[in-house]
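Report on the following structure.
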Amino acid sequence: MPNYHIWTIGCQMNKAESERLASCFEELGYQATDTAAEADLIVLNSCVVRQSAENRIINKLHNLKQLKKSQPGMVIAVTGCLVNSEIDRLKKSFPHVDHFFKPGDYPPWLEKTGTPPLPHHPSPSVYVPVIQGCDNFCSYCIVPYRRGRERSRTIPEITCEVRELVQRGAQEVTLLGQNVDSYGHDLPDRPDLAALLTGLNNINGLARLRFLTNHPKDMSTRLIEATAGLDKVCEQISLPVQSGSNDILEAMRRGYTVEQYRRLITRIRQQIPGVALSTDIIVGFPSESDGQFQQTADLLSEIKFDTVHVAAYSPRTGTMAAREFEDNIPLTEKRERLNKVEQLQEKIAAEINGRLLGKPVEILVEGKTTDKWHGRTRTGKLVFFSNENNCLGRLMKIRIDRTSPWSLQGEIEANNSEEGK
Ligand code: SAM
Ligand code: SF4
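Be aware that the sequence shown starts at 38, since it is given in the numbering used here, and climbs by one per residue.
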């Protein structure tokens, strides 16, 4: 049996696409292997959001050149955000790559498996892309140039897919989009994400629904109400703010002010009690002053997010920011600001997670690493516990006995220990 190997970096969208590619290959008779050297077919699913990610792909491609020399029959394919519309140029730069295909565009040699290719044995928690692309063109971001304009999948197509995934064992579904709030605007009748969630909430056997990533300028009252009112929709919102300075937000072309963002957070917290919030921050955007960086830090201290993803600004060729603004914050300063955000967030997350000490939480068990099972709460907290039996895919009550900024640990609650045996 031939072997395949998929190497994935980047966002959840790439992870979801890699899962689907894996099931296509399995349908074609391939078997997964952990190392590229053992594979007959290698796929690199790339991310180029930051230069460092693009460099990793380029290095990987150079390494594969040697491997292909020693194993000329090996097939190499590249997908993800590295693949722009200039495929001929990519082919010239990397002649040892057999196929380049854009994210979500299955090449003819894969199409005979039929779409959508779904994992045969999905994990209890799966990703389902509902809208591809992005129309926002934030000044720093390369995604719209690589992933193209927004294209939504229809509600019947997504519903059918979620039903099938649930039948195959999935219990939690995370709906994905670069800007998930835009879902449906390009479809006839213009359905929205709230309508999609309302329909999916009725699927028997599905325990939980999540969605990401939201855009502060687009998150609607209907969506907040649907999240609050639908029993399967989890209390977790991902809402990237990027900066606490209005001048920087304007230069980023984000389309909202700090005041509008703050009001949105207040409404979300009022309507969805106990909601967990995560955000993304870019530090060292061109001309970001100490004072403007401090405004970001102050906003984080004020809002107290459960999770913050922080990145140092990386100029991306082709974007407006790279064209119009000098990348004038030294790397050492960017790193210092990044560390400051991480240290601040560590304290905030320690405080938030510490409040769960001694409390019972419900988790969906997603897997086991070494000797501990792990799963997530509805609010997305990662929880570890020990049990000798197979707990995969079960909803379990765990009493928390240790907390850290990143995860929680606990013991199975007495009232579900029977099931845990
Ligand atoms: N659509 C989402 C939003 O509105 O923020 C996020 C998608 S974006 C691909 C993921 C994250 O990558 C962004 O939130 C941003 O923090 C980061 N990012 C994007 N472009 C970047 C750049 N040029 N330099 C540093 N970080 C960047
Ligand atoms: Fe990039 Fe902005 Fe689109 Fe997010 S909303 S993917 S940051 S352009």
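We put the beta carbon where it would ideally sit given N, CA and C, even for glycine.
Here the structure is a predicted model, which is why all the values come from computation and not from measurement.
- Annotated as distal: Ile285 and Tyr177, with beta-carbon spacing of 8 Å or more.
- Contact between Thr316 and Pro352 does not hold, since their C-beta atoms are separated by about 22 Å, which reaches or exceeds 8 Å.
- With 16 or more other CB atoms across the displayed protein chains lying within 10 angstroms of its CB, Asp343 is buried.
- The alpha helix (DSSP H) runs lying completely inside the segment 41-96 and spanning 4 residues or more are 49-64, given in chain order.
- Counting along the chain, Val180 sits inside the alpha helix (DSSP H) bounded by residues Val180 to Arg184.
- Taking the CA atoms as reference points, Asn92 sits about 32 Å from Glu64.
- Around Glu450, the same chain offers Pro397, Lys434, Ile435 and Arg436 as residues with beta carbons nearer than 7 Å, after the five sequence neighbours per side are excluded.
- Shown here for Gly47: same chain residues with a beta carbon closer than 8 Å to its own, the five before and five after excluded, namely Asn82, Ser83, Cys84, Val86, Ala90, Gly117 and Cys118 in chain order.
- For Ala348, the secondary structure class from DSSP, reduced to helix, strand or coil, is strand.
- Between Leu233 and the set Ser60, Arg190 and Ile400, the nearest pair of CA atoms involves Arg190.
- Within the segment 244-297, the runs of alpha helix (DSSP H) that reach at least 4 residues and sit entirely inside it are, in chain order, 258-266 and 283-289.
- Counting the other CB atoms within 10 Å of its CB gives Cys175 a total of 16 or more, which places it among the buried residues.
- By the Cβ-count criterion, Lys371 is buried, with 16 or more other Cβ atoms from all chains shown falling within 10 Å of its own Cβ.
- Here DSSP, grouped into helix, strand and coil, assigns Trp146 to helix.
- Across the structure, Glu296 and Ala334 are spaced so that their CA atoms are roughly 15 Å apart.
- Measuring C-alpha to C-alpha distances from Ser326 to each of Gln49, Leu78, Ile366 and Met50 identifies Ile366 as the nearest.
- Between Ile195 and Ala265, the CB-CB gap reaches or exceeds 8 Å.
- In the three-state scheme derived from DSSP, where H, G and I count as helix and E and B as strand, Gln446 is classed as strand.
- By the criterion of a C-beta distance shorter than 6 Å, Leu147 is surrounded in its chain by Cys61, once the five residues flanking it on both sides are discounted.
- Under the three-state reduction of DSSP output, Val203 falls in the helix class.
- Comparing C-alpha distances from Ser280 to each of Arg291, Glu361 and Ile400 shows the shortest one belongs to Arg291.
- Here Leu375 is near Val347, since their CB atoms are less than 8 Å apart.
- Contact annotation: Gly355 and Ile179 have beta-carbon atoms nearer than 8 Å.
- When rounded, the separation of the alpha-carbon atoms in Asn100 and Tyr41 is 17 Å.
- Close CB contacts of Lys139 within its chain, under the 6 Å cut and outside five residues either way in sequence, are with Val120 (chain order).
- With at least 16 other beta carbons inside 10 angstroms of its own, Pro161 counts as buried.
- Per the DSSP secondary-structure output, Glu379 pairs with nothing in a beta bridge.
- By alpha-carbon distance to Asn426, the top candidate from Ala114, Trp410, Glu209 and Glu383 is Trp410.
- Within 7 Å of the C-beta of Asn216 there is at least one heavy atom belonging to the ligand SF4.
- A Cβ-Cβ contact shorter than 8 Å links Ala207 with Pro159.
- Rounded to the nearest whole angstrom, the C-alpha separation of His222 and Arg126 is 34 Å.
- In this structure, Gln215 places its C-beta atom within 8 Å of the C-beta atom of Thr250.
- Between Leu337 and Ser441, the alpha-carbon positions lie close to 19 Å from each other.
- Cβ-Cβ distances below 6 Å link Gly141 to Gln169 in the same chain, with the five nearest sequence neighbours on each side left out; the list follows chain order.
- Met111 is a Cβ neighbour of Ile79, given a cutoff of 8 Å.
- Listed in chain order, the non-local C-beta contacts of Ile124 below 8 Å within the same chain comprise Phe137, local neighbours out to five positions each way being set aside.
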